[in-house]
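Below is one structure; the comments refer to it alone.
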Amino acid sequence: MTTRSRRTSAGFGWLMRGFSAGFRHPKPLWGSAVILLTAVVLPSLVTLPMRLHAIHAGVPVSPMTSVAWTALSMLIGLLVIPLYGGYLQVIDAAECGRAARIRDIFGPYRDGSALRLIGFGLVVLLIYFAMFALLLVAMGGGLLHWYMQALTMQAQPVSPSLPHGFGTLIALGAVFFLLFSAFYAIALGQIALGRRGVFAAIGDGVVGTAKNALPLLAYALGGLLAMIGIAIALMLVMMLAFLLGRLVGSWLMLVIAIPLYIGFMMTIFMGMFGVSYHLWRDVCGTDDVTALPEPATA
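Reminder that position 85 of the sequence shown reads as 71 in my numbering, one-by-one numbering, no gaps.
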């Protein structure tokens, strides 16, 4: 299956179409998102009691224990990855005009693609850890020492001072996150929608990301500007809620703030998958999907 390159402005299209999908098809996408978000939160809840107990008791957590807790949550989270593919299938059905049902999010468990999606998640997890380790090692032993020290001081009120080169690591991490997110979206779409094998999908993800570096930069810029605008709007709304709470009662502030927070998080969650879907569809989608045609530039 070929991967296509898109012009720079395509990044803005992914962002706009991705976030508007949930409002164009509210019932299947919002309903499925509730199921998916619940499933995503559950793995972290497995180790949460142990973490809270350690913090409450003031017991320093060893680096190995912290890594073990994180690894356990991630391994349990692998079982959720088929739901990612199922959610992409729900979005695909809705965007292509087919019947989209909330229960279709469980489609990968029924059609046999769940094992491929779990295998993909395991391979990607190994790649993620390898790249993270390379970043730490490349920035020197001081940064690695600080990271291990920070893990042991989670229950302490004072954190260790930031090491030299931390800003560079953040910048490299931001670039890596952008490229890795695009790679993940394309590869996941190839398995869930393109019916590709794990390693073939990973190859498509790497090639598709490399071909669309400029649209990804446009997407990142558009996302940053959107985040600034949303942050300002939320700040104004929260200030209004605070003033109303002072005038009427603190309960009113909670009544306003909690639904706003849940709605905001759900919108971000749906938007992430919507962007992933439209990125995949533009780069790797076949001719039978109702994508808006755009000529390839390479």
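Beta carbons are placed, not taken as given, at the ideal position from N, Cα and C, and that holds for glycine.
Item, Value
"For V144, is the classification buried or exposed, using 16 other Cβ atoms within 10 angstroms of its Cβ as the cut-off for buried?", "With a pLDDT of 47 at V144, under the threshold of 50, the predicted position of this residue should be treated as unreliable, though the coordinate-derived value follows. Exposed, by the Cβ-count rule."
"In angstroms, rounded to a whole number, what distance separates the CA positions of R10 and G260?", "11 Å"
"Just curious, the alpha helix (DSSP H) that I218 is in, first and last residue?", "199 to 233"
"For A57, count neighbouring C-beta atoms within 10 Å of its own C-beta (all shown protein chains included) and say buried if the count is 16 or more, exposed if not.", "exposed"
"Distance, Cα to Cα, A285 vs S18?", "Only positions -13 to 284 of the chain appear in the structure, and residue 285 is not among them; the question remains open."
"Identify, in the order they occur along the chain, each residue of the same chain with its Cβ nearer than 8 Å to the Cβ of L220, setting aside the five sequence neighbours on each side.", "L246, F250"
"Hey, M117 and F152: beta-carbon distance below 8 Å or not?", "no"
"Any contact between the stretch 88 to 99 and the stretch 68 to 79? By contact I mean 3 or more CB pairs, one from each, below 8 Å.", "yes"
"For I177, is the classification buried or exposed, using 16 other Cβ atoms within 10 angstroms of its Cβ as the cut-off for buried?", "buried"
"G175 and W266 - do their beta-carbons sit closer together than 8 Å?", "yes"
"Can you check whether the CB of D190 is closer than 8 Å to the CB of R181?", "no"
"Rounded to the nearest angstrom, what separates L155 and L203 at their Cα positions?", "19 Å"
"Which residue from V26, V241, A171, G235 puts its Cα closest to that of C270?", "A171"
"Using a Cβ-Cβ cut-off of 7 Å (strictly less than) and excluding sequence neighbours within five positions of V110, which residues of its own chain qualify?", "Y170"
"Could you tell me which of M258, G98, Y205, S167 sits nearest to R(-7), measuring between CA atoms?", "Y205"
"Which residues in the same chain as A168 place their Cβ atom closer than 6 Å to its Cβ, once the five residues preceding and following it in sequence are excluded?", "T195, L202"
"Is the CB-CB distance between L64 and F255 below 8 Å?", "no"
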